[in-house]
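Taken in order, these protein sequences are the chains called A and B. The numbering of the first sequence is the working numbering, which starts it at 1 and goes up by one. The numbering of the second sequence is the working numbering, which starts it at 1 and goes up by one. Remarks on the structure that follows.
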Amino acid sequence: MVQTEAFVMLSAVLFVMGTLGVLVRRNAILVFMSVELMLNAANLSFVAFAKHWQNLDGHLFVFFVMTVAAAEVAVGLALIVTIFRSKQSIDIDELHQMEG
Amino acid sequence: MTEVYLFVAVGTIAVIAAMMMLISENAVHSALFLILNFACVAFMYLMLDAPFLAMVQIAVYAGAIMVLFLFVIMLLGAESSESRLSSMKAVPGSRLHTPVAVLLTMILLLTVGIAIAQENVDFIEDDGAEPLVRVANYTYFAPRLNVLLDATLTVEGLQFGKSSEHLRLTAGEHTLTLVDAETGAIVLESTLTLEADQTVSALVTGIDEATLTTFAEDLTQLADNQTRVSIFNATGEAVSLQDTGSPFGSKDDSRLVVADVPANSISTPIVVSSGESDSLRFIAAENGALGEDAASLFNIVEAEFVRDTHHLIVLTDQPNASEPFAYYLATDTAQQFGSPKAVGQILFTKYLLPLQVVGLVLLAALVGVIVLSQRQVSTVEVRARRPERRRVSRPLTSVIANQVEDSAGASGGRLQAGEKPAGD
Numbered sequence: 001m002v003q004t005e006a007f008v009m010l011s012a013v014l015f016v017m018g019t020l021g022v023l024v025r026r027n028a029i030l031v032f033m034s035v036e037l038m039l040n041a042a043n044l045s046f047v048a049f050a051k052h053w054q055n056l057d058g059h060l061f062v063f064f065v066m067t068v069a070a071a072e073v074a075v076g077l078a079l080i081v082t083i084f085r086s087k088q089s090i091d092i093d094e095l096h097q098m099e100g
Numbered sequence: 001m002t003e004v005y006l007f008v009a010v011g012t013i014a015v016i017a018a019m020m021m022l023i024s025e026n027a028v029h030s031a032l033f034l035i036l037n038f039a040c041v042a043f044m045y046l047m048l049d050a051p052f053l054a055m056v057q058i059a060v061y062a063g064a065i066m067v068l069f070l071f072v073i074m075l076l077g078a079e080s081s082e083s084r085l086s087s088m089k090a091v092p093g094s095r096l097h098t099p100v101a102v103l104l105t106m107i108l109l110l111t112v113g114i115a116i117a118q119e120n121v122d123f124i125e126d127d128g129a130e131p132l133v134r135v136a137n138y139t140y141f142a143p144r145l146n147v148l149l150d151a152t153l154t155v156e157g158l159q160f161g162k163s164s165e166h167l168r169l170t171a172g173e174h175t176l177t178l179v180d181a182e183t184g185a186i187v188l189e190s191t192l193t194l195e196a197d198q199t200v201s202a203l204v205t206g207i208d209e210a211t212l213t214t215f216a217e218d219l220t221q222l223a224d225n226q227t228r229v230s231i232f233n234a235t236g237e238a239v240s241l242q243d244t245g246s247p248f249g250s251k252d253d254s255r256l257v258v259a260d261v262p263a264n265s266i267s268t269p270i271v272v273s274s275g276e277s278d279s280l281r282f283i284a285a286e287n288g289a290l291g292e293d294a295a296s297l298f299n300i301v302e303a304e305f306v307r308d309t310h311h312l313i314v315l316t317d318q319p320n321a322s323e324p325f326a327y328y329l330a331t332d333t334a335q336q337f338g339s340p341k342a343v344g345q346i347l348f349t350k351y352l353l354p355l356q357v358v359g360l361v362l363l364a365a366l367v368g369v370i371v372l373s374q375r376q377v378s379t380v381e382v383r384a385r386r387p388e389r390r391r392v393s394r395p396l397t398s399v400i401a402n403q404v405e406d407s408a409g410a411s412g413g414r415l416q417a418g419e420k421p422a423g424d
């Protein structure tokens, strides 16, 4: 029997790796994939806690996160394609016209 | 222990895959490593009793979302936007591809071969689920029983009035031995014959001598507002069960006889509405007939039939009393935690509104994507059309302009010519 703590720790490691990816990588698609990794890490801890408390609500939250992630990916990738068409680049360091 | 090893192995693969996703220069490789990571997370879901989410994870994440990512990467040609060197490196590295592919194929064939050799794969038919057995103790002389199945101790110290968990056994014959936990004397030894897909209850009853009764039960779930009640009569005489309606209803306002149970047998399951409390009464019945002098044997006052529960009422003789006593045995029949059915049930009851909202969000995303792509197409079209128009229309416009000037001049002349008489 694997302890819930082990799953939460794995989830934390994956989440930190996702954060690193968002901060370090410059390719917009890779940044986006890192965000997906973070969402997945959060989902993993949701499921781990759902098992721990024997409460199905955690599963439902994961279901909704997955659904919204699918929508987010569709819109995000469409944006990336649009940006690529106008800028000929998806390097996020070059996208600074918003002065961010 | 196997579970811990699996967790460590799959967890390591997940972390390594995430790391490789971060450091690989080729975006396609990154996406493939992310798919591996998602598959590992799906495995974790399986370990956490969430089979439905594991399948959704594979289908939605590793399937749909990652295919979308790969598609966009290929579309934009953004495989190695950060470094052009990776494409150069890929050429010497490609020598490794063939042996790795061959090795993976060999492993796959080996796995399939082992599975077939061990007869784990049955191509012809499904043998059905393994039967489940529970043992319940109603022996007055042995309040604690040790249950041995095929000479191995399975349940230790089964208390009076309690039932063991459902034990999963293989179909076929098994020897059941019951030993008094205190004295160590063998109480009963019997053979159980089990068939696939059965859920069997083995009840041990008796005041000074143990009797074993086994019967198959239907533990499938009923509709929301219904629950099943079975009555086992362990007394020596036939009884009937009467629904008295009110808690202290007299014998005269006998309402309904819900079940006739002969001695030492189980009644057919009665379906009652759950959530309501009901009062039942056991009455002595001779040959199933309900006489005027049918004695009330046992009253069940305000019995509550909870949903998702299978109720078994066991009527047994008591050692120092003439009247029998009824014991309850409630079994939880709710769906397995995390199963698609359980998730679906809570999704369409408690989370119906969020589900609708998510549907709206998806619709908005769909419209947004269409709008984004539409704008792009229109700007591209406008850009593409303008120079063409100019090229074609420049000579045309000059021709038209000439014509217009001519006609304007002519009409103007005509008008002027026409106005003059009007003005006069």
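Idealized CB from N, CA, C, for every residue including glycine.
Residue i: contacting residues in chain B (beta-carbon distance under 9 Å)
i: residue 23 of chain A; result: Correct list: empty, because the minimum Cβ distance to chain B is about 10 Å.
is_contact[residue i, chain A] using C-beta, thresh 8 Å
i: residue 138 of chain B; result: no
i: residue 351 of chain B; result: yes
i: residue 115 of chain B; result: no
i: residue 86 of chain B; result: With a pLDDT of 43 at residue 86 of chain B, under the threshold of 50, the predicted position of this residue should be treated as unreliable, though the coordinate-derived value follows. No, no contact with chain A.
i: residue 348 of chain B; result: no
i: residue 37 of chain B; result: yes
i: residue 212 of chain B; result: no
i: residue 161 of chain B; result: no
i: residue 337 of chain B; result: yes
i: residue 61 of chain B; result: yes
i: residue 56 of chain B; result: yes
i: residue 141 of chain B; result: no
i: residue 194 of chain B; result: no
i: residue 75 of chain B; result: yes
Residue i at chain B interface by Cβ criterion, 8 Å
i: residue 70 of chain A; result: yes
i: residue 73 of chain A; result: yes
i: residue 36 of chain A; result: yes
i: residue 2 of chain A; result: yes
i: residue 78 of chain A; result: yes
Segment limits, alpha helix (DSSP H) that includes residue i
i: residue 201 of chain B; result: Careful: residue 201 of chain B lies outside any alpha helix (DSSP H), inside the beta strand (DSSP E) at 199-206.
i: residue 322 of chain B; result: Note, residue 322 of chain B: premise wrong, no alpha helix (DSSP H); not H, not E.
i: residue 79 of chain A; result: 57-87
i: residue 116 of chain B; result: 97-117
i: residue 28 of chain B; result: 27-47
i: residue 29 of chain A; result: 28-53
i: residue 52 of chain B; result: 51-56
i: residue 187 of chain B; result: Where residue 187 of chain B is concerned, there is no enclosing alpha helix (DSSP H), although the beta strand (DSSP E) it sits in stretches over 186-194.
Host beta strand (DSSP E) of residue i (start-end)
i: residue 138 of chain B; result: 132-139
i: residue 152 of chain B; result: 152-159
i: residue 346 of chain B; result: Note, residue 346 of chain B: premise wrong, no beta strand (DSSP E); alpha helix (DSSP H) at 340-347.
i: residue 239 of chain B; result: 239-243
i: residue 173 of chain B; result: 172-180
Same chain only: Cβ atoms within 6 Å of residue i, ignoring 5 sequence neighbours per side
i: residue 193 of chain B; result: 173
i: residue 69 of chain B; result: 31
i: residue 6 of chain A; result: none
Residue i at chain D interface by Cβ criterion, 8 Å
i: residue 165 of chain B; result: Protein chains in the displayed structure are A and B, and chain D is not among them.
Within chain A, the residues that residue i reaches when beta carbons sit closer than 8 Å
i: residue 308 of chain B; result: In chain order: nothing, as chain A lies at least about 13 Å away.
i: residue 65 of chain B; result: 36, 69, 70 and 73
i: residue 72 of chain B; result: 29, 77, 80 and 81
i: residue 131 of chain B; result: Correct list: empty, because the minimum Cβ distance to chain A is about 26 Å.
i: residue 312 of chain B; result: Here the premise fails: no neighbours, minimum Cβ distance about 24 Å.
i: residue 324 of chain B; result: The premise fails here: residue 324 of chain B is roughly 37 Å from chain A at the closest Cβ pair, so nothing lies under 8 Å.
i: residue 315 of chain B; result: Those within 8 Å of residue 315 of chain B in chain A number zero; the least Cβ separation is about 34 Å.
Chain B contact residues for residue i, given Cβ-Cβ distances below 7 Å
i: residue 13 of chain A; result: 15
i: residue 6 of chain A; result: 7
Beta-carbon neighbours of residue i, restricted to chain A and to distances below 7 Å
i: residue 342 of chain B; result: 56
i: residue 3 of chain B; result: 1 and 2
Beta-carbon contacts of residue i that lie in its chain and below 7 Å, excluding the five residues immediately before and after
i: residue 251 of chain B; result: At residue 251 of chain B the pLDDT is 48, less than 50, meaning the model places this residue with poor confidence; the figure from the coordinates comes in the next sentence. Closer than 7 Å at the Cβ level, and outside the excluded window around residue 251 of chain B, lie 296.
i: residue 13 of chain A; result: none
i: residue 318 of chain B; result: 324 and 325
i: residue 329 of chain B; result: 136, 163, 312 and 314
i: residue 88 of chain B; result: Reliability of the predicted coordinates at residue 88 of chain B is poor, the pLDDT of 43 falling under 50, and the value obtained from them is presented with this limitation in mind. Within the same chain, residue 88 of chain B has no close Cβ partners at all.
Close beta carbons around residue i, own chain, < 8 Å, minus the five adjacent residues each side
i: residue 30 of chain A; result: 21
Under 8 Å (Cβ pairs) to chain B, residues found in the stretch 47-67 of chain A: 47, 48, 50, 51, 54, 56, 57, 59, 60, 62, 63, 64, 66 and 67
task: Mind checking the stretch 82-95 of chain A against chain B and listing, in chain order, the residues whose C-beta falls within less than 9 Å of any C-beta there?
output: Along the stretch 82-95 of chain A, going in chain order, the ones with a CB nearer than 9 Å to a CB of chain B are 82, 84, 85, 86, 89, 90 and 91.
Contact residues within the stretch 358-373 of chain B, judged by C-beta distance below 8 Å to chain A: 358, 361, 362, 364, 365, 366, 368, 369, 372 and 373
Cβ-based contacts, 8 Å cut-off: residues of the stretch 11-34 of chain B near chain A: Flagged, chain order: 11, 14, 15, 18, 19, 21, 22, 27, 30, 31 and 34.
message: If the cut-off is 8 Å on Cβ atoms, which residues from the stretch 40-53 of chain B count as contacting chain A, listed in chain order?
response: 41, 44, 45, 47, 48, 49, 50, 52 and 53
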